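Here the working numbering is used: the first residue of the sequence shown is 1, the next is one more, and so on. Idealized CB from N, CA, C, for every residue including glycine. Values in this document were obtained by computation on a predicted structure and should not be read as measured data. This report concerns only the one structure given below.
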Amino acid sequence: METTVGLHGSRQDSTAQERTKAVVAVIIGNGFEWFDFISYGFFSVIIAKLFFPTSDDNLSLLLSVSTIGVGFFMRPVGGIILGGMADKIGRRATLVITITLMTIGTALIAFAPTYKDAGIFAPLMIVCARLLQGFSAGGEMGGATGFLRDHVPVERLGYYTSWIQASIGFAIILASVLAVVLVKYLSVDQVESWGWRIPFLIGLCLGPLGIYIRNQAHDSTEDATRVRERTPVIEIARRWKSRTLIGFGLVIFWTVCSYVLLFYIPTYATKVLHLPASTGFIAVLVGASIVLFVTPIFGHLSDRYGRRRFLMGALVMAIIAAHPLFKLLNASPGLHSLLLFQIVFGLVIACYEGPILAALSDTFPRQIVSTGISISYNLAVITFGGFSAAILTWAIAATQNNLAPAFYVMGTAALSFIATACWSPRKD
């Protein structure tokens, strides 16, 4: 027997206060996840030295960074299990589980003894922490989007879900500023001894707050009365394979937005363009600020004028602008060219990410929406986003062409354009 739920019931009856609680409940988890991820990346050199010591510094760093990859491999597993739980037992309960697992993983990193103190158990704790965080992150996006879909008015779904994406911009700004403050006001020995743990301790404080807020969030009537007789992942395999493939295609450029156009660019600026690290840092802060403040605007506009035109507009702009902007970076490397790059692509990212979660939410029936989004999202992340920095580093070295990232952006945008052309919203 297939699950059925009403479309408008609880969303139209929700008070403004309940909707605000629902939005805060979901964005705190997404912001927490990205803050932790970015902080780990910033201090990966120190973590490598303390937990993965070898005679070869490059090998040590590679081992440290590879733990991020371990977390990515757990995402699809978490997406299937936790996404299914969100559709079967309820969104709020699952969101409490995801943020609890994130908090435990952060605690393991924050309090992990170093290799000098605990030997092989030290890197094992870091690996276990990343596995746990990857598993929980796998269920976060689908569960959070499904939760908001149950709580907000259908005509404002784009605006409310866009705040999940905007929280990434806030996480980048917070983690970046904190890292700069630590490096500026602490000595090298202090940072390596205990300073690197501070971001994870702050994250550890956010975890219990997020758990409390999510426990206090209202369970919608739809969430509480859903009939749960089928396993969502089996339903997707039987009936919704094509829509899952379309969802996967929509996410391809979305994940490139975050992992290439925001996170990889500072590395590109220092390693390829040979600019000071501070230049890349300033540029990425500008891009993150645009994502934070402009994404909700495009989410709101997509509610009024439709998702497809903004998704396609962003993709066309990415295809047109990628090669000229990367060429400009190489012809005139400096702060001004990097700022122009981040401003243009910050607007492209905001235009695409504003409506993307609402579009994904409209791709699947309500009873399997969390599972459908989780599978589509995490498979695309692990395929096109999570390892993109390593792929692009290899591509530049192999081709001796500094414009290789431009072709990667253009190719992934073209794939998402095809998916967007095939996409159509469901009205159930």
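Check, Outcome
"With a threshold of 16 other CB atoms inside 10 Å of the CB of Gly90, please say whether the residue is buried or exposed.", "buried"
"Do you know offhand how far Arg304's Cα is from Arg156's?", "9 Å"
"Please report the distance separating the alpha-carbon of Met85 from that of Asp362.", "20 Å"
"What separation, rounded to the nearest whole angstrom, lies between the Cα atoms of Asn378 and Ala419?", "16 Å"
"Can you give me the C-alpha to C-alpha distance between Leu440 and Val181, rounded to a whole angstrom?", "No information on residue 440 is available, as it lies outside the stretch 1 to 428 that the chain covers here."
"One question on the structure: do Phe364 and Trp240 come within less than 8 Å of each other, judged by their Cβ atoms?", "yes"
"Do the stretch 100-113 and the stretch 127-135 touch if we need at least three Cβ pairs shorter than 8 Å?", "yes"
"Relative to the C-alpha of Gly385, which candidate in Arg75, Leu50 and Gly372 has its C-alpha closest?", "Arg75"
"Count the CB pairs spanning the stretch 303-319 and the stretch 351-361 that are closer than 8 Å, and state whether there are at least three.", "yes"
"Which of the three DSSP states, helix, strand or coil, is assigned to Val272?", "coil"
"Contact check, Thr244 vs Ile375 under 8 Å by CB: the rounded distance?", "6 Å"
"What is the DSSP secondary structure of Ile173, reduced to helix, strand or coil?", "helix"
"Name the residue from Ser176, Val369, Leu275 and Ile368 whose alpha carbon lies nearest to the alpha carbon of Leu335.", "Leu275"
"Under a Cβ-count criterion, where at least 16 other Cβ atoms within 10 Å of its own Cβ denotes burial, should Leu209 be classed as buried or exposed?", "exposed"
"Work out the CA separation of Asp87 and Ala166 for me, nearest whole Å.", "25 Å"
"To the nearest angstrom, how far is it from the Cα of Val191 to the Cα of Pro53?", "17 Å"
"Figure out for me which residue from Tyr268, Leu206 and Gly138 has the closest Cα to the Cα of Ala171.", "Leu206"
"May I have the straight-line CA-CA distance separating Val381 from Gly249, to the nearest angstrom?", "11 Å"
"Would you tell me roughly how many angstroms separate the C-alpha atoms of Gln367 and Arg426, rounded to the nearest one?", "12 Å"
"For Thr371 versus Ile236, is the C-beta distance shorter than 8 Å?", "yes"
"Leaving aside the five residues before and after Ile46 along the sequence, list all residues of the same chain whose C-beta is less than 6 Å from its C-beta, in chain order.", "Glu192 and Trp196"
"Compare the C-alpha of Ser289 against each of Leu329, Ala144, Ile265 and Gln342 and name the closest.", "Gln342"
"Any idea if Gln17 is buried or exposed, counting beta-carbon neighbours within 10 angstroms, 16 or more meaning buried?", "exposed"
"Skipping 5 residues on each side, what residues in its chain have a beta carbon closer than 6 Å to that of Pro123?", "Phe51 and Phe52"
"Report, in whole angstroms, the separation of the C-beta atoms of Asn30 and Ala144, which I expect to be a contact under 8 Å.", "6 Å"
"Among Ser66, Ile99 and Gly142, which residue has its Cα nearest to the Cα of Gly79?", "Gly142"
"Comparing C-alpha positions only, which one of Arg149, Ser258 and Leu82 sits nearest to Val23?", "Arg149"
"Whole angstroms is fine: what's the gap from Pro296's alpha carbon to Ala350's?", "8 Å"
"For Gln400, does the three-state DSSP call read helix, strand or coil?", "coil"
"Should Trp430 go down as buried or exposed, given a rule of 16 or more other Cβ atoms within 10 Å for buried?", "Only positions 1 to 428 of the chain appear in this structure, which leaves residue 430 out of reach."
"So, at 6 Å on beta carbons, what are the nonlocal neighbours of Phe43 in its own chain, with the 5 sequence-adjacent residues on each side left out?", "Trp196"
"Which residue from Leu339, Phe121, Phe253 and Arg19 puts its Cα closest to that of Ile213?", "Arg19"
"Do three or more CB pairs link the stretch 391-405 to the stretch 279-287 at distances below 8 Å?", "no"
"Assign Thr399 to buried or exposed, taking buried as 16 or more other Cβ atoms, counted over all protein chains shown, within 10 Å of its Cβ.", "exposed"
"Would you call the CB atoms of Ser66 and Tyr264 closer than 8 Å?", "no"
"Near Val70, which residues of its chain fall below 8 Å by C-beta distance, leaving aside the five closest residues on each side in sequence?", "Val127, Arg130, Leu131 and Gly134"
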